[in-house]
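Asker: First, the structure itself, so that you have it in front of you.
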Amino acid sequence: MPAPVTLAQIASRLGGRVVGDAQTLIRQVGSLERARPDQITFFTHSRYKARLAATRAGAVVLAAEAEALTALPRIVCENPYAYFARVSQILNPAEPSQPGVHSSAQVAASARIPASACVDAGAVIGGGVALGERVWIGPGCVIEERSVIGDDSRLYASVVVNRDCRIGARAILHSGVVIGADGFGIASDGGRWVKVPQIGRVVIGDDVEIGANTTIDRGAIDDTIVEDGVKLDNQIQIGHNCRIGAHTAMAGFSGVAGSTDIGMHCTIGAAAVILGHLKIVDHVHVSAGTVISRSIHKAGTYTGMFPFDENASWARNTALVRHLSDLARRLRDLEKRVLKGKENG
Amino acid sequence: MPAPVTLAQIASRLGGRVVGDAQTLIRQVGSLERARPDQITFFTHSRYKARLAATRAGAVVLAAEAEALTALPRIVCENPYAYFARVSQILNPAEPSQPGVHSSAQVAASARIPASACVDAGAVIGGGVALGERVWIGPGCVIEERSVIGDDSRLYASVVVNRDCRIGARAILHSGVVIGADGFGIASDGGRWVKVPQIGRVVIGDDVEIGANTTIDRGAIDDTIVEDGVKLDNQIQIGHNCRIGAHTAMAGFSGVAGSTDIGMHCTIGAAAVILGHLKIVDHVHVSAGTVISRSIHKAGTYTGMFPFDENASWARNTALVRHLSDLARRLRDLEKRVLKGKENG
Amino acid sequence: MPAPVTLAQIASRLGGRVVGDAQTLIRQVGSLERARPDQITFFTHSRYKARLAATRAGAVVLAAEAEALTALPRIVCENPYAYFARVSQILNPAEPSQPGVHSSAQVAASARIPASACVDAGAVIGGGVALGERVWIGPGCVIEERSVIGDDSRLYASVVVNRDCRIGARAILHSGVVIGADGFGIASDGGRWVKVPQIGRVVIGDDVEIGANTTIDRGAIDDTIVEDGVKLDNQIQIGHNCRIGAHTAMAGFSGVAGSTDIGMHCTIGAAAVILGHLKIVDHVHVSAGTVISRSIHKAGTYTGMFPFDENASWARNTALVRHLSDLARRLRDLEKRVLKGKENG
């Protein structure tokens, strides 16, 4: 448990303006609904006004335009959610690892493990692997030959990094992540499939977080690239030879097929799929449940989600999707007839 | 191999009415197509009448209305499939574990492991963990600090339970499940992402089964809740701060984004996705392949699946989806013109 | 690093016709964009003509119709991509395993491990397991009781094969694969779910490759079958009692619900889902993002992908999908009116 802090102390570290008792003592963050009097919460959406009015939190982070909505001690700032994230980081610092190699870990003689690094129980570190300072390799992880992991990175339990991959500094890889498995490279030959050896690597920048059970395949020939600051949720699949541009974020279940290039500062919604060999420019936002089947050359938001409905309505309307070209033809015929009728009349 | 049982013995345990030779000896369950004479099968759908007529099974479980469809020894009951499930449970009892901690397992000194529990090869149990009676932790599992697992739960090989999570009694967690990884909490700040520490837990009730490679994230602030009797198939993603109501079942690949509340007795079809911050009431059924983008306030079945077609037809019809508002406008114009024409005529 | 080869040596092993200097020395394969002068690349699509013109590769594999597009030394053949795959296999032979059982592996006394097999650090091999010649079990894999794995198969780190499963020769299973977890068999009974024991196996043929974190469930009663030459990408789910026909390939995130029978030589696109209890004949191609909800009795390509659009257009058009039956009714009314008007006129 970290030491409690006052609103004044928070503001002196993170900026913002304290309104009300600056000596209010905060021990933890809390949600509007469940925060206790020694906790600080945040307010960003006007639809939660009633919750703000009812909150038992000791203090609130909010924007200037919401300042008057509560009488609680508060910190007024420009980006309350990011501010709140930083308050939570102060109150919940990352757990420090215990430097050292567990007696049950298997570390190849040629691996470089600095004294500040932690290799947990049952982890396996291959020949030529290089870990950075303070790297924490969780229990049961496997880091294969010659892979490199940057300073202050943390791999939770049961992560696999295949041979020759590179991961930057301050990475967070959650359990079940697989980096550098073979891409899906198969050539059809007379009804059989011939495997294309996957000789590229996965190269991951700094400050990347990768969610549980996400997979990023190694390149077929050239490398698969994940740039600095990319954030990937759980159960994502990144195909071989993709590039994910810096500071792009992808929600759970989204996927990118092989050789697609996604720009910087994009957001990809849950369960969205981007097909292969496409180019998506910077600042593109793909909505959840959307399949992107062509390159996108213009920043903006793109959507292709089938609207759900009560099952009976859906069935009635959807049957017509398969007859849209008939409908269009009949409309065209009718237009001709009516216009002709008019001309004739 | 369990001892064989007669139809009379089955009915005395499970109820139902035996028709035909009640001393028919049953050694195992079988499918209509492949059951042998010492096996019992079940019949629930009239479309399988031909298979029932051809089956070589020794006995059949069926409903009263189907009783006359076969001359085989049979058990007549109200819910043949559930009855059959229970017959199979009698004939195929769960494999008993061998109590004890394997010599290669790593168990923290402060963990509480009852003598009846089994901790398999290579498993890692963190400090403060508490296992219930007869819990079976499979090979390579990692249970992190202070997590609690209820009586008679079984974790198959390579399950990860992160710190501070709670799992009830009689849980079944299949291989590759990850409980309690960080939720996807990131705040945008000037084009960079700031991590929101995920300090909630995952709290799972009793009698929950979770399929292979499914992930359930810990809460951002409050907990992620999975209630009693929930059944999750493989490769499912449950986002942070969700609640999955009691006795809800979700099929493979389905997902729930963060902070969504799903009611009790719901069924979610394969590859269905429920977006974040929604409320789904009890007894809602979501069809496969559907994206739920708004809260559902009324019990019922909801669907949003794009109908597939031969590729050429699909292309022809689907092109028009992107011009539906044009079509509607042209129809409106035509209606005006025709009605006006009529008025003028 | 394998020894370099000349074009003449390649052609003598794989066929094809060398044009230009047959003594050109090749050390590795490369992409059109990044190949170096000691590398060979391939050309298959006319849209990459500019890249071919600019390539710095030392040689190119291409088809006769493209022969004149470059002056580089080249090999002309019928199927350049499959040919290139085989060249890459020559230059990048699979890494040989080091026979033997690692001291940290846990192998049951009754398991049969030939001297040519490799069992890596921390792997766990259950009683009655039988490994073929030269099988390579990666670090942290778990092979449960009585499973059988054919000659020359390789399991990468952290694969789980549950009890009683069979995997053929030359299989490649990538990290995080789970074979033989319980299928999703639950029977509804008065609002509760009753588990149906899953007593079938998974039976996998020869020459099958399975991508990272893919799951294949064991059969409920009969077996789940994956035939020879099937290639599965990452994060795929195959439900219980499915059959995947020989030489079928499935792209990432695709899934097959229980008891579906997929024919031979099919291709299933990324994120496509095939619902349960269906029959798909041979030579069916399912496009990405498509949900197959009925059996397919005719070979061909089938699609059901919702077209994406800029968000505003999508919203405008998609709102009408939920009113298609209204539109159709209004069109019908108008047709009647206009035709009647004509008759009356």
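Chains as they are written, first to last, in the working numbering: chain A, 1 to 345; chain B, 346 to 690; chain C, 691 to 1035. We put the beta carbon where it would ideally sit given N, CA and C, even for glycine. Predicted model, so just to flag it, every value in this text is computed and none were measured.
1. Suppose contacts are defined by Cβ-Cβ distances below 7 Å. Is A:D228 in contact with A:D207 by that definition?
2. Since B:R675 meets chain A, which of its residues come closer than 7 Å, beta carbon to beta carbon?
3. What does B:T663 touch in chain C if you count any residue whose Cβ is under 9 Å from its own?
4. Would you report the Cα separation of C:V916 and C:I894, rounded to the nearest angstrom?
5. B:S391: buried (16+ other C-beta within 10 angstroms of its C-beta) or exposed?
6. Could you name the residues of chain B that C:P887 contacts, counting a contact when the two beta carbons are closer than 9 Å?
7. From C:V719, C:V709, C:G706, pick the residue whose C-alpha is nearest to that of C:P694; which is it?
8. Would you say the segment 874-885 of chain C touches the segment 836-854 of chain C, given that touching needs at least three Cβ pairs under 8 Å?
9. Please list, in chain order, the residues of the segment 145-177 of chain A that have any C-beta partner in chain B closer than 8 Å.
10. Which one of B:C486, B:D465, B:D496, B:G467 has the shortest CA to CA distance from B:A475?
11. If you pair each beta-carbon of the segment 900-909 of chain C with each one of the segment 175-184 of chain A, do three or more pairs fall below 8 Å?
12. With DSSP as the reference, identify every bridge partner of B:T569, one or two as the case may be.
13. Given that a residue counts as buried once 16 or more other Cβ atoms are within 10 Å of its Cβ, and exposed if not, what is B:L669?
14. When DSSP builds the beta bridges, which residues end up paired with B:M650?
15. Where does B:R381 land, buried or exposed, given buried means 16+ other C-beta within 10 angstroms?
16. Return the CA-CA distance between C:G705 and C:C767, expressed in angstroms with no decimal places.
17. Please state the DSSP three-state secondary structure of B:L620.
18. Beta carbons nearer than 7 Å to chain C: which residues of the segment 595-608 of chain B have them?
19. Hey, is A:F42's beta-carbon within less than 7 Å of any beta-carbon in chain F?
20. Name the residues in the segment 566-596 of chain B whose C-beta lies less than 7 Å from a C-beta of chain C; which are they?
21. By the 10 Å Cβ neighbour count, where 16 or more other Cβ atoms means buried, how is B:G645 classified, buried or exposed?
22. My output table needs one value for B:Q434: the three-state DSSP class, helix, strand or coil.
23. Run the CB neighbour count on A:G345, radius 10 Å, all protein chains shown included, and call it buried at 16 or more, exposed below.
24. Give every residue of the same chain whose Cβ lies closer than 7 Å to the Cβ of A:P80, excluding the five residues on either side of it in the sequence, and list them in chain order.
25. Is the separation between the beta-carbon of A:C242 and that of A:V256 shorter than 7 Å?
26. When Cβ atoms are compared, which residues of the segment 443-464 of chain B fall closer than 7 Å to chain C?
27. DSSP three-state call for A:R192: helix, strand or coil?
28. Please give me, in chain order, every unbroken run of the alpha helix (DSSP H) with length at least 4 that falls completely inside the segment 241-297 of chain A.
29. Hey, B:R404 and B:L352 are a contact pair by Cβ (cut 8 Å); roughly how many whole angstroms apart?
30. Check each residue of the segment 614-631 of chain B: if its Cβ is closer than 7 Å to any Cβ of chain C, include it; give the result in chain order.
31. Are the segment 651-669 of chain B and the segment 311-331 of chain A touching, with three or more C-beta to C-beta distances below 8 Å?
32. Report the partner residues of A:I75 according to the DSSP bridge assignment.
33. Going by alpha carbons, who is nearest to A:Q89 out of B:V469, B:I544, B:A439?
34. Would DSSP call C:G1035 helix, strand or coil?
35. Output the distance between the C-alpha atoms of A:D233 and B:I583, rounded to the nearest integer angstrom.
36. What is the residue span of the beta strand (DSSP E) that B:V666 lies within?
Answerer: Quick look at the numbers:
1. yes
2. L331, E335
3. T993, G994, M995, F996, P997
4. 5 Å
5. exposed
6. V374, A430, S433, Q434, L436, N437, P438, A439
7. C:V719
8. no
9. Y156, A157, S158, I172, H174, S175, G176
10. B:D496
11. yes
12. B:V547
13. buried
14. Per DSSP, none; premise fails for B:M650.
15. exposed
16. 8 Å
17. coil
18. A596, G597, F598
19. Here the protein chains are A, B and C, and chain F is not one of them.
20. G574, K576, D578, N579, Q580, H592, A594, A596
21. exposed
22. helix
23. Residue placement at A:G345 is flagged as unreliable, the pLDDT there being 46, under the threshold of 50; the coordinate-derived value follows with that caveat. Answer is exposed; the Cβ neighbour count stays below 16.
24. F42, F43, T44, V61, L62, A63
25. yes
26. S449
27. strand
28. none
29. Per the sequence shown, residue 404 of chain B should be read as Ala rather than Arg. Sure, about 6 Å apart at Cβ, within 8 Å.
30. A615, A616
31. yes
32. A:V18, A:V61
33. B:I544
34. For C:G1035, the predicted structure reports a pLDDT of 45, less than 50, and the residue's modelled location is therefore unreliable. A value from the coordinates is still provided. In the structure shown, C:G1035 sits in coil (DSSP, three-state: anything other than H, G, I, E or B).
35. 11 Å
36. B:V666 -> not in any beta strand (DSSP E); alpha helix (DSSP H) instead, spanning 656-666.
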